[in-house]
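Below: the structure, in structure tokens.
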Amino acid sequence: MKPSGKKRKSTAPVGRPRSFDIDKALDRALQVFWHKGYEGTTLSDLTQAMGINRPSLYAAFGNKETLFRKALDRYADGPAAYVRQALEEPSARAVVERLLRGTVDLLTDPRTPPGCLMVQAALACGESADPVRQELASRRAAGEAAIRRRFKRAISDGDLPKNADCADLARYVATVIHGMAVQAAGGASRKELRRVAQTALRAWPV
Numbered sequence: 045m046k047p048s049g050k051k052r053k054s055t056a057p058v059g060r061p062r063s064f065d066i067d068k069a070l071d072r073a074l075q076v077f078w079h080k081g082y083e084g085t086t087l088s089d090l091t092q093a094m095g096i097n098r099p100s101l102y103a104a105f106g107n108k109e110t111l112f113r114k115a116l117d118r119y120a121d122g123p124a125a126y127v128r129q130a131l132e133e134p135s136a137r138a139v140v141e142r143l144l145r146g147t148v149d150l151l152t153d154p155r156t157p158p159g160c161l162m163v164q165a166a167l168a169c170g171e172s173a174d175p176v177r178q179e180l181a182s183r184r185a186a187g188e189a190a191i192r193r194r195f196k197r198a199i200s201d202g203d204l205p206k207n208a209d210c211a212d213l214a215r216y217v218a219t220v221i222h223g224m225a226v227q228a229a230g231g232a233s234r235k236e237l238r239r240v241a242q243t244a245l246r247a248w249p250v
């Protein structure tokens, strides 16, 4: 008998398509981490909020630490996107004003947990979560460095005096922002934090 010219269809199993929306699942994970912090969040918290089981979580996002890093990226590109936008303001003072006002709006948004994910998630990290604490510290330092570079540009543009200390100014702004985050997590109102922002702007040294 001559072999048939027709090829047999492969009977190898085909990978099952994901039955959940990755973006929505990541948004839900972000909310859990934001509300409970890194160490306070369990895998059961995540799978319940995301509507998936553990194998699906591992397959789509990796382990808890990897998922948290993805949530941090989501946070930076979403709720905290105002930070990058503020750096495009035409003057150093306008940069600071938009940063502080954006921070107050984010920290007191009724649709999200109070406080800042970047600050709150690091407050209760033990030794086992040291890589996460270091990651958060690195990201906060990168944010401060971006503000410092923007102030250096302001000096070049003649917007800030040549003797302005960009490092001190950036640290001042970052400290106010982080302090407001802690206050918000403790229950400070939007009105109260706006007064803090106004005081910081009045104290703007240049």
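Using the working numbering, you'd call the opening residue of the sequence shown number 45 and step up by one each time.
Ideal Cβ positions, reconstructed from N, Cα and C, are used throughout, including at glycine.
A quick note: this is a predicted structure, and the numbers were derived from the prediction, not measured.
Member of the options whose CA lies at the smallest distance from the CA of residue i
i: Q242; options: A165, R137, F195 and P157; result: R137
i: P154; options: A120, A229 and T91; result: A229
i: R118; options: I66, L237, R246 and D209; result: I66
i: P157; options: A225, P99 and A208; result: A225
i: I221; options: D209, D149, V76 and D89; result: D149
i: A130; options: D121, L143, G122 and P123; result: L143
i: R177; options: D203, R192, E133 and L161; result: L161
i: S135; options: L180, N207 and G202; result: G202
i: A189; options: Y82, L151 and A211; result: A211
i: V163; options: R239, K68, A208 and G223; result: G223
i: E132; options: S88, A198, K114 and A244; result: A198
i: G159; options: T110, E171, T85 and F77; result: F77
i: K68; options: L90, Y82 and G84; result: L90
i: R183; options: A247, L70, A124 and N107; result: A124
DSSP state of residue i mapped onto helix, strand, coil
i: W248; result: coil
i: I96; result: coil
i: D174; result: helix
i: S135; result: coil
i: S233; result: coil
Cβ pair residue i, residue j closer than 9 angstroms
i: K165; j: G187; result: This sequence places Ala at residue 165; Lys is not what is there. No, they are not a contact pair.
i: A73; j: A103; result: no
First through last residue of the alpha helix (DSSP H) which encompasses residue i
i: E251; result: Look at the range of the chain in this structure, 45 to 250, and you will see that residue 251 is not part of it.
i: R155; result: Careful: R155 lies outside any alpha helix (DSSP H) and carries neither H nor E.
i: K114; result: K108 to D121
Short CB-CB distance (under 9 angstroms) between residue i and chain D
i: A73; result: Chain labels in this structure do not include chain D; a single protein chain is all it has.
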